[in-house]
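Residue numbers (the working numbering): 5 to 348. For glycine and all other residues, C-beta sits at the position ideal for the given N, C-alpha and C. No experiment lies behind these values; they were computed from the predicted model shown. To keep things clear, I will list the structure first and then write my remarks on it.
The structure is reproduced here in C-alpha cells:
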C-alpha cells in the first residue's frame with residue numbers, strides 16, 4: 005500500500021547518495037579509485053559499529069565518519085552530479101515524503117546560485133518521475149562559514165523558488181568549529197525567517213560546550229519574543245514552521261522552554277548511536293524533553309550513506325526509544341509526524 009505519511013524530515017543530500025550512484029558518478033568523473041576507497045572504508049566502518057560498546061565507540065571510529073564524507077565530496081564534482089544525485093536520493097529512499105537539505109556552494113567554476121538551480125531541478129525531476137513520492141528541499145546555512153547576508157540570500161531563494169520545491173532553510177555545520185553565525189546574529193536569522201514566513205530547521209544541542217548553550221538560548225529567546233508579539237495571530241503556532249535537530253545537550257531550563265513552545269525535535273537513531281549521543285542501554289537524551297511518540301517528535305535518517313540507517317530501521321528504533329501510552333499504531337504515528345512537514 006502507498007504509505008503517503010512515511011516521512012524522512014532529516015536527510016542531508018551528500019550523506020544520502022546510494023552506492024550505485026556514487027560508483028556510476030565516480031566512473032563518469034574518472035575517480036573510481038576514490039569510490040573503491042569509500043566503499044571499502046564504509047564497509048569496514050559499518051562492520052566495526054554494528055554493536056555499540058557500553059561506554060560508546062572510540063574516537064578513531066567516529067573520525068572515520070569525516071573521512072567518508074571527504075571521499076564523497078571528491079566523487080561529486082559538478083552540477084549534473086547534484087541533479088542526478090538528488091534524483092537518486094529520492095528514488096532510493098524508503099520514505100514517500102522527503103525533505104532533503106544541502107549546503108549550496110560554488111563547484112567546478114559555477115556559482116552558488118547555479119548549485120541551487122541544479123538542486124531545484126533535481127527535486128522537480130524526481131517528483132515528475134515518481135508520482136508516489138514527494139520531495140522538497142531546504143537550503144543549509146553552515147554556521148562556521150555563512151553570515152546574516154547569506155541567510156538573507158537563502159531565504160529569498162526559498163521565497164522565489166520557481167517550482168516551489170524549496171520549502172525552508174536549515175542551520176547546521178560543525179558544532180565544534182569556529183562560528184561565523186552565532187549569538188545575536190543567529191537570533192536575527194531566526195526572526196528573519198519567521199517574518200518572511202520561511203520555515204527553518206536548526207541543529208541544536210550537538211555539543212556540550214558553552215557556545216552551544218549560548219546559541220541555543222539565543223534561538224529560544226528569539227522564538228519566545230516572536231511568539232509573545234504574535235499571540236493574537238491565528239497562525240502563531242510553530243507547527244510546520246520550525247523543527248529542532250537532535251537536541252542532545254540541553255540544560256533543564258532549555259528543555260522546559262522547548263516544551264512550552266511545543267517545538268518539534270528530529271530524532272536520527274543510528275546517527276545518535278554512532279556519535280555516542282545515545283548510549284543504547286540508557287534512556288534517549290530527548291526523552292527528557294518529550295517521552296512519548298504522541299508528542300512533538302519526528303524520525304529521520306540523517307546520513308544513510310555514512311551511518312547505514314535506512315528509513316524503516318530508523319522508525320523501528322525510534323518506537324523502541326520512546327513510550328506509546330495511547331497505543332498508537334505505526335500508521336497513526338506516521339500521520340502524527342506528517343503535521344511537522346514544511347511542504348504540502
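Could you tell me the boundaries of the beta strand (DSSP E) in which residue i lies?
i	result
residue 266	No beta strand (DSSP E) holds residue 266; DSSP gives it neither H nor E.
residue 206	203 to 208
residue 303	301 to 303
residue 13	11 to 16
Take residue i and list the residues in its own chain whose beta-carbon comes closer than 7 Å to its own, dropping the five residues that flank it on each side.
i	result
residue 148	177, 178, 181, 182, 183 and 184
residue 172	142, 162, 202, 203, 204, 205 and 346
residue 139	94, 102, 104, 127, 130 and 131
residue 294	269, 300 and 301
residue 41	75
residue 277	56 and 284
residue 231	240 and 265
residue 4	Since the first residue of the chain shown is 5 and the last is 348, residue 4 is not available in this structure.
residue 118	83
residue 211	179, 180 and 253
residue 217	255
What is the rounded straight-line gap between the Cα of residue i and the Cα of residue j?
i	j	result
residue 334	residue 33	42 Å
residue 120	residue 225	31 Å
residue 164	residue 249	25 Å
residue 313	residue 322	12 Å
residue 255	residue 47	37 Å
residue 52	residue 208	28 Å
residue 325	residue 281	13 Å
residue 350	residue 133	For the chain, the structure presents residues 5 to 348; residue 350 sits outside this window and is missing.
residue 125	residue 152	26 Å
residue 65	residue 252	20 Å
residue 96	residue 67	27 Å
residue 43	residue 263	42 Å
residue 36	residue 54	27 Å
residue 288	residue 72	26 Å
residue 214	residue 243	28 Å
Considering only residues of the same chain and omitting the five flanking positions on each side of residue i, which have a CB-CB separation below 8 Å?
i	result
residue 145	107, 154, 155, 158, 173, 174, 175, 176, 177, 185 and 193
residue 332	297, 298 and 340
residue 336	none
residue 58	283 and 285
residue 38	30, 75, 78 and 79
Contact check, residue i vs residue j under 8 Å by CB: the rounded distance?
i	j	result
residue 9	residue 245	No, residue 9 and residue 245 are not in contact; Cβ-Cβ is about 19 Å, not under 8 Å.
residue 26	residue 247	That belief does not hold up - the Cβ atoms of residue 26 and residue 247 are roughly 28 Å apart, past 8 Å.
residue 319	residue 303	5 Å
residue 4	residue 308	Residue numbering for the chain in the displayed model covers 5 to 348; residue 4 lies beyond these limits and cannot be assessed.
residue 17	residue 114	Not confirmed; about 16 Å, so no contact.
In the DSSP output, what is residue i paired with across the bridge?
i	result
residue 176	146
residue 247	205
residue 140	103
residue 221	The partner list for residue 221 (beta bridge, DSSP) is empty, contrary to what the question assumes.
residue 170	141
residue 296	327
residue 306	15
Ends of the alpha helix (DSSP H) at residue i?
i	result
residue 252	That residue, residue 252, is in no alpha helix (DSSP H); it is neither H nor E in DSSP.
residue 105	No alpha helix (DSSP H) holds residue 105; the beta strand (DSSP E) holding it covers 101 to 106.
residue 152	152 to 163
residue 116	116 to 133
residue 331	From DSSP, residue 331 is part of no alpha helix (DSSP H); its letter is neither H nor E.
residue 110	Careful: residue 110 lies outside any alpha helix (DSSP H) and carries neither H nor E.
residue 195	187 to 199
residue 44	36 to 52
residue 89	83 to 96
residue 68	63 to 79
Within a Cβ cutoff of 6 Å, which residues of the same chain sit near residue i, ignoring the five residues on either side of it in sequence?
i	result
residue 82	112
residue 5	For residue 5, the predicted structure reports a pLDDT of 35, less than 50, and the residue's modelled location is therefore unreliable. The matter cannot be settled from this model.
residue 330	298
residue 219	186 and 190
residue 327	295 and 296
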